[in-house]
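Working notes for the structure below.
Number of protein chains: 2
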Amino acid sequence: MEKLRQHIEQITPLTDEEFTHIQTFFAIKRVRKNQFLLHEGDEVKHEFLVLQGVYKVFYVDNEGKEHIVQFAQENWWMTDYSGYFKKKPANMFVECLEDGEVLCLTLYGREKLSADLHKMEHFFRVKLTNGYVALQERIRILLSGNPQQRYEEFSKLHPDLLQRVPKKLIAAFLGVSRETLSRLSGSK
Amino acid sequence: MEKLRQHIEQITPLTDEEFTHIQTFFAIKRVRKNQFLLHEGDEVKHEFLVLQGVYKVFYVDNEGKEHIVQFAQENWWMTDYSGYFKKKPANMFVECLEDGEVLCLTLYGREKLSADLHKMEHFFRVKLTNGYVALQERIRILLSGNPQQRYEEFSKLHPDLLQRVPKKLIAAFLGVSRETLSRLSGSK
DNA sequence: TTTATGGTGTGATTCAAATCACATTACGAA
DNA sequence: TTCGTAATGTGATTTGAATCACACCATAAA
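For the record, the sequence lines run as chains A and B. Here the numbering used here is used: the first residue of the first sequence is 4, the next is one more, and so on. Here the numbering used here is used: the first residue of the second sequence is 4, the next is one more, and so on.
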């Protein structure tokens, strides 16, 4: 839980009492490679804060193709946010790619924390702000970039993920076929 | 300004004193068709809340093609959020497509309001939450949808915009060529 | 060690959508 | 009204990336 405190205090300082209170809303969970934290159709009970490991958030389209909406690693938050916030069944899967652990937070917990502590509402707002900007950036790349540019942007932004996850998953994240991606990275 | 109050009170009730305070951070601005609220390279001074009219937020790629990141109409917020939040020069343009008016809010104002009033921090968090989910949804469509599906999703989500903005702009929003879109809507 | 399974490169072929090139229509300004 | 400009439809052609099909190489399990 010390990691949680550090994570929050990057945004806002906390007193010991505050943190003690906050803590009670988080449950720790060990996860192993290939384990699913969420299945399509499930109720989306939690949002996850990654303490360790790598994960993918993805869905399967009607042709059976897998598309990755988000990767997550240490200190990233993840879930099927549409399902989580709207209390609808998941359209997505969350799967572990590398053994690790996560903290689980319910929507109730999130809202309660935000209501109880202005600081926490601030924390979540800042996180969302950053997330929003990142998504808008991603849309930009999807709209105008050819596979080459997409790959370069990704490499620049997440050189670490490039090492940690197989290329075929990166392809599924970039919206490019495995083969095309393979030919690209060669030409670089 | 009454519209602003209603807009905020859809999320959280306000006392008169609170609203009086809030109000001081917003400046109203009339805008005419073809007028730019933001140019690429500008400092991104404001975020805008649309009171009336339609607007597009777009950028121009290195081949000179225009890509629309966001449309906005009544009660939507818009700006180049990356530039706004990171205090970097704009990568985007904001242009008016239909006469109207907007409220302008500086980043300072936004942060001040959030710090002063827990309610306002809440308001912004809720807005960001919805925006985040919408962007994630858009990414989903961009990743898996063919032009047909993209168009259908858009029609379902924004039938009003379909009437209000020219097709070629919708094409630029969907990441599809004008011609392809034209052939599609015919086949429907 | 062998065997299987998943990741990856690379050629050949196909195909969907972009591009190019017009014609047509709608609309606002002079 | 007439002119000019923007929006739109539609054919012909090109092209970039997907798909198909395979070989090769890891790593992990038997």
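We treat Cβ as the ideally placed atom computed from N, Cα and C, and that holds for glycine. Values in this document were obtained by computation on a predicted structure and should not be read as measured data.
Considering only the beta carbon of each residue, do residue i and residue j sit closer than 7 Å?
{"i": "His161 (chain B)", "j": "Cys107 (chain B)", "result": "no"}
{"i": "Phe74 (chain A)", "j": "Leu164 (chain A)", "result": "yes"}
{"i": "Phe96 (chain B)", "j": "Thr15 (chain B)", "result": "no"}
{"i": "Arg33 (chain A)", "j": "Glu104 (chain A)", "result": "yes"}
{"i": "Val60 (chain B)", "j": "Gln76 (chain B)", "result": "no"}
{"i": "Asp102 (chain A)", "j": "Gly44 (chain A)", "result": "no"}
{"i": "Ala175 (chain A)", "j": "Glu69 (chain A)", "result": "yes"}
{"i": "Asp64 (chain B)", "j": "Ser117 (chain A)", "result": "no"}
{"i": "Lys171 (chain B)", "j": "Arg181 (chain B)", "result": "yes"}
{"i": "Arg128 (chain B)", "j": "Arg141 (chain A)", "result": "no"}
So the candidates are the options; which of them puts its Cα closest to the Cα of residue i?
{"i": "Thr123 (chain B)", "options": "B:Phe28, B:Glu5, B:Val179", "result": "Reading off the sequence shown, one finds Met at residue 123 (chain B), where the question assumed Thr. The candidate whose alpha carbon is nearest that of Met123 (chain B) is B:Phe28."}
{"i": "Leu85 (chain A)", "options": "B:Gln152, B:Ala137, B:Lys6", "result": "The residue asked about is misnamed: residue 85 (chain A) is Ser in this sequence, not Leu. Checked all of B:Gln152, B:Ala137, B:Lys6; the closest Cα to Ser85 (chain A) is B:Ala137."}
{"i": "Leu41 (chain B)", "options": "B:Tyr87, B:Lys68, B:Thr18, B:Asn149", "result": "B:Tyr87"}
{"i": "Thr183 (chain B)", "options": "B:Glu156, B:Pro150, B:Pro169", "result": "B:Pro150"}
{"i": "Ile31 (chain B)", "options": "B:Ile173, B:Asn94, B:Asp45, B:Lys6", "result": "B:Lys6"}
{"i": "Val90 (chain B)", "options": "B:Glu101, B:Glu46, B:Leu17", "result": "Sequence check: residue 90 (chain B) is Lys here, not Val. If we check each option's Cα against that of Lys90 (chain B), B:Glu46 comes out closest."}
{"i": "Arg167 (chain A)", "options": "A:Gly67, A:Gln26, A:Cys99, A:Arg181", "result": "A:Cys99"}
{"i": "Asn94 (chain B)", "options": "B:Tyr62, B:Arg113, B:Leu177", "result": "B:Tyr62"}
{"i": "Ile25 (chain B)", "options": "B:Gln139, B:Arg128, B:Glu114", "result": "B:Glu114"}
{"i": "Gly112 (chain A)", "options": "A:Phe51, A:Asp19, A:Leu187", "result": "A:Phe51"}
{"i": "Asn78 (chain B)", "options": "B:Gln139, B:Asp119, B:Gln13, B:Glu155", "result": "B:Gln13"}
If you measure from the beta carbon of residue i to each beta carbon in chain A, is any gap under 7 Å?
{"i": "Ser190 (chain B)", "result": "In this prediction, Ser190 (chain B) scores a pLDDT of 42, lower than 50, which makes its location untrustworthy; no coordinate-derived value is stated."}
{"i": "Gly178 (chain B)", "result": "yes"}
{"i": "His24 (chain B)", "result": "no"}
{"i": "Arg128 (chain B)", "result": "yes"}
{"i": "Phe88 (chain B)", "result": "yes"}
{"i": "His42 (chain B)", "result": "no"}
{"i": "His70 (chain B)", "result": "yes"}
{"i": "His49 (chain B)", "result": "no"}
May I ask whether a heavy atom of the ligand ZN can be found less than 6 Å away from the beta carbon of residue i?
{"i": "Asp163 (chain A)", "result": "Absence of the ligand ZN from the depicted structure is noted, as is the absence of any ligand whatsoever, leaving it without description."}
Please decide whether residue i counts as near chain B, where near means a Cβ-Cβ distance under 7 Å.
{"i": "Phe74 (chain A)", "result": "no"}
{"i": "Ser85 (chain A)", "result": "yes"}
{"i": "Thr18 (chain A)", "result": "no"}
{"i": "His125 (chain A)", "result": "yes"}
{"i": "His10 (chain A)", "result": "no"}
Counting only the same chain and skipping the five closest in sequence on each side, list residues whose C-beta sits under 6 Å from that of residue i.
{"i": "Lys191 (chain B)", "result": "Annotation note: pLDDT 37 at Lys191 (chain B) (below 50); position unreliable, coordinate value reported separately. Same-chain partners within the cutoff: there are none."}
{"i": "Glu156 (chain A)", "result": "Ile144"}
{"i": "Met4 (chain B)", "result": "Gln26"}
{"i": "Pro169 (chain B)", "result": "none"}
Among residues of its own chain, excluding the 5 on either side of residue i, which ones have a beta-carbon nearer than 8 Å to its beta-carbon?
{"i": "Arg143 (chain A)", "result": "none"}
{"i": "Asn133 (chain A)", "result": "none"}
{"i": "Gln38 (chain B)", "result": "Glu98, Cys99"}
{"i": "Leu17 (chain B)", "result": "Arg8, Ile11, Ile25, Lys122"}
{"i": "Leu120 (chain B)", "result": "Glu21, His24, Ile25"}
{"i": "Ile71 (chain B)", "result": "Lys59, Val60, Phe61, Leu172, Ala175, Phe176"}
{"i": "Trp80 (chain B)", "result": "Glu50, Phe51, Leu52, Val53, Lys130, Gly134"}
Excluding sequence positions up to five away, which residues of its chain have a Cβ less than 7 Å from the Cβ of residue i?
{"i": "Val179 (chain B)", "result": "Pro150, Arg153"}
{"i": "Ser158 (chain B)", "result": "Leu165"}
{"i": "Thr109 (chain A)", "result": "Lys48, His49"}
{"i": "Leu145 (chain A)", "result": "Gly178"}
{"i": "Pro92 (chain A)", "result": "Gly44, Asp45, Glu46, Gly86"}
{"i": "Lys36 (chain A)", "result": "Cys99, Leu100, Glu101, Asp102"}
* Taking a cut of 7 Å between CB atoms, which residues from the segment 132 to 161 of chain A lie near chain B? -> Thr132, Gly134, Tyr135, Val136, Leu138, Gln139, Glu140, Arg141, Ile142, Arg143, Leu145, Leu146, Ser147
* In the segment 53 to 65 of chain B, which residues sit with their C-beta less than 8 Å from some C-beta in chain A, listed in chain order? -> Tyr62, Asp64
* To do: Determine which residues of the segment 106 to 117 of chain A have a Cβ less than 9 Å from any Cβ of chain B, and write them out in chain order.
  => So the list reads Ser117, given in the order they occur along the chain.
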